[in-house]
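**Q** When you line the sequence shown up against this note's numbering, it's residues 21 to 145, in that order. Even for Gly, the Cβ is constructed at its ideal location relative to N, Cα and C. From a predicted model like this one, the values you see are computed outputs, not experimental measurements. For reference, the structure I am asking about is given below.
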Amino acid sequence: MLEIGIGSGLNLPIYGLDVDCVYGVDPSAELVKFAHEKTKDVRFPILLLRASAECLPLKDHRIDTIVTTWTLCSIPDALKALREMRRVLRLQGRLLFVEHGARSGTRSTGGSAAAAKTPSSAAIA
């Protein structure tokens, strides 16, 4: 499993018993340090990586599930990040995300993130 934008590790305690390992990616060294503090409270191995979602340091088709919560809007090139997620995701893998879009008549800071996720079944080129 890969969590994009792991931040301070808030999601770690809610992952279920079927999680074998979590790769946590965040560009912020400070947030990765906070996430490291939460690793003591979970029962699965965690590898925290200081990296950008636009350039994931993982091999192709390695990940079963990718989770990202409230993150796409803060990634400078959200479409590039989504392409990277597709690259590391196994062919039958799942991308699970919670995201907000731009208000009507405005653009989000993530540029095309809202457009890229609607509809959720749309292919990302």
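1) Taking only three categories from DSSP, how would you classify Val39?
2) Determine the direct distance from the alpha carbon of Cys41 to that of Phe64, and round the result to whole angstroms.
3) When you compare only the Cα positions, how much space is there between Phe54 and Ser28?
4) With respect to the alpha helix (DSSP H) encompassing Phe54, which residues constitute its N-terminal and C-terminal limits?
5) Flag this pair as yes or no: are the beta carbons of Val39 and Asp46 separated by less than 7 Å?
6) Is it buried or exposed for Ala49, if we count other Cβ within 10 angstroms and need 16 for buried?
7) Measure the alpha-carbon distance for Ala133 versus Val108 and round it to whole angstroms.
8) Bridge partners of Arg114, per DSSP?
9) Could you tell me which residues DSSP puts in a beta bridge with Glu23?
10) Between Leu30, Ile66, His56, Glu57, which has its C-alpha nearest Met21's C-alpha?
11) Return the chain-ordered list of same chain residues with a C-beta closer than 6 Å to the C-beta of Leu32, the five sequence neighbours on each side being excluded.
**A** Answer, in terms of the structure:
1) Here residue 39 refers to the residue found at position 19 of the sequence shown. Reduced to three states, the DSSP call for Val39 is coil.
2) Counted from its first residue, the sequence shown places residue 64 at position 44. Counted from its first residue, the sequence shown places residue 41 at position 21. Rounded to the nearest angstrom, the two C-alpha atoms are 6 Å apart.
3) By one-based count along the sequence shown, residue 54 stands at place 34. By one-based count along the sequence shown, residue 28 stands at place 8. If I take the Cα positions, the gap works out to 5 Å.
4) As a working mapping, residue 54 is identified with position 34 in the sequence shown. From DSSP, the alpha helix (DSSP H) with Phe54 extends over 49 to 58.
5) As a first step, residue 39 must be located in the sequence shown, where it is residue number 19. As a first step, residue 46 must be located in the sequence shown, where it is residue number 26. Taking 7 Å as the Cβ cut-off, Val39 and Asp46 do not qualify as a contacting pair.
6) As a first step, residue 49 is located in the sequence shown; it is residue number 29 there, counting from the start. Exposed is the call here.
7) In the sequence shown, the residue the question calls residue 133 occupies position 113. In the sequence shown, the residue the question calls residue 108 occupies position 88. The predicted position of Ala133 is uncertain, since its pLDDT is 45 and thus under 50; a value taken from the coordinates is nonetheless stated next. Approximately 19 Å, taken between the alpha carbons.
8) The residue you call residue 114 lines up with position 94 of the sequence shown. According to DSSP, Arg114 bridges with Thr85.
9) For the purposes of this step, residue 23 is identified with residue 3 of the sequence shown, where counting begins at 1. DSSP lists Gly44, Val87 as partners of Glu23.
10) Along the sequence shown, read from residue 1 onward, the residue named residue 21 stands at position 1. The shortest Cα separation from Met21 among Leu30, Ile66, His56, Glu57 belongs to Ile66.
11) Position 12 of the sequence shown, counting from 1, holds the residue named residue 32. Lys58, Val62.
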